[in-house]
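full-length UniProt numbering puts the first residue of the sequence shown at 1, with every later residue one more than the last. A short write-up of the structure that comes next.
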Amino acid sequence: MQPKTLESYYLSKPEPYQSCLLALRDIVLRVDPDIRHVRKFQIPFFTYHDKKLAYLWLDRKKLKMGFCIDKSLQQANAGIKPKDQYQSVVIDPNEDLPIALIIQKLNACIALIKKSV
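Right under this line is the structure:
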C-alpha cells in the first residue's frame with residue numbers, strides 16, 4: 001500500500017474545502033521561503049527551522065488552521081513539562097479568507113522561532 005502524500009490529502013477533500021485548503025497552503029508557503037510543508041499526524045503541517053509552525057485540519061466539515069508554539073521555545077520551569085501550545089482559527093470556505101490574520105499569526109510565530117535560534 002502506497003503511503004498517502006500531501007497532494008493526495010488535498011485532492012481527497014470535497015469542494016469547496018479542497019480549493020480552500022490549497023489556497024491556505026499557498027498563502028502559508030509564500031510568507032517565508034524557509035517554511036517547509038510536511039505531513040505530520042496525517043494532516044498538512046508547516047515547520048520553520050524544524051519547529052512546528054502551523055497546520056490545516058478538516059474535521060466533520062469544519063476547516064481549521066492551527067498555529068503552534070513549539071514546546072522547545074517555551075521557558076522551562078522546574079517540575080513542569082512543557083507542551084506545544086496551539087491556537088486555531090475556524091475557516092469558512094464560502095467566505096473570504098482572513099489572509100491578514102493568517103500572515104500576522106505566522107509572522108509572530110516565526111519571530112518567536114528566530115528569537116530562540
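Where is the CB? At the ideal position from N, CA and C, for every residue including glycine. Just so we're clear, the structure is a prediction, and the values are computed from it rather than from any experiment.
Linking residue 37 to residue 12 through their CA atoms gives a straight-line distance of about 18 Å. Counted as a single uninterrupted DSSP element, the stretch harbouring residue 42 is not any beta strand (DSSP E), since DSSP gives it neither H nor E. For residue 64, there is no enclosing alpha helix (DSSP H); the enclosing beta strand (DSSP E) has its first and last residue at 62 to 69. Nearest neighbour of residue 90 by Cα position, chosen from 67, 15, 40, turns out to be 67. If you look at residue 88, you'll find it in the beta strand (DSSP E) that goes 85 to 91. Residue 51: member of the beta strand (DSSP E) spanning 51 to 59, first to last residue.
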